[in-house]
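One structure below.
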Amino acid sequence: MLSLQARGCHNINLVSPTHVVPYILEALELAADKGLHLPLVYNTGGYDTIETLELLDGVVDIYMPDMKYSDEKIAEQLSEIKDYPKVNKAAVKEMHRQVGDLQLDEQGIAQRGLLVRHLVLPNELAGTEE
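The opening position of the sequence shown corresponds to residue 1 in the working numbering, with each subsequent residue numbered one higher.
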């Protein structure tokens, strides 16, 4: 992380990090002690528990979750995760509680907030209207 900062990166982007959150927290503590100050992006598929997200409260600067489906039947059919819509909506709500709306700097670079990636599927399977 520190080497990325030294090379001029705008943020630290943790991709699909849910299964390694305890290790991330340990590494961040060490990096912060050595001067890490870049925004931390939590880039996730959006199937995160509230308990995991609570561990990240005050740590993550930018949440970037997917929102794939709003219908349980479609979620089960395409991802074999029937409760994806319920878990996802609760997770996104908690993420927003923690970091609020997306905030950009004068160059248009995200500094803090929630940035949702909505999966668009053929035949309106994603349930965009919901």
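Beta carbons: idealized from backbone N, C-alpha and C, even for Gly.
{"query": "Member of Asp66, Pro122, Leu30 whose CA lies at the smallest distance from the CA of Tyr84", "result": "Asp66"}
{"query": "Residue interval of the alpha helix (DSSP H) (run including Asp66)", "result": "Counting along the chain, Asp66 falls outside any alpha helix (DSSP H), though it belongs to the beta strand (DSSP E) covering 62-67."}
{"query": "Through-space distance from Ser70 to Gly127, alpha-carbon basis", "result": "5 Å"}
{"query": "Cutoff 7 Å; reference Glu94; Cβ partners in own chain excluding five residues on either side", "result": "Ile50, Leu53"}
{"query": "Other residues of its chain near Met1: CB distance less than 6 Å, five sequence neighbours each side excluded", "result": "Ile12, Ala31, Leu36"}
{"query": "Start-end ranges of the beta strand (DSSP E) lying completely within the segment 80-111, minimum 3 residues", "result": "none"}
{"query": "Reference Leu40; option with closest CA among Gln111, Leu119, His118", "result": "Gln111"}
{"query": "Closest by C-alpha distance to Ile62, when choosing among Ile74, Arg97, Ala90", "result": "Arg97"}
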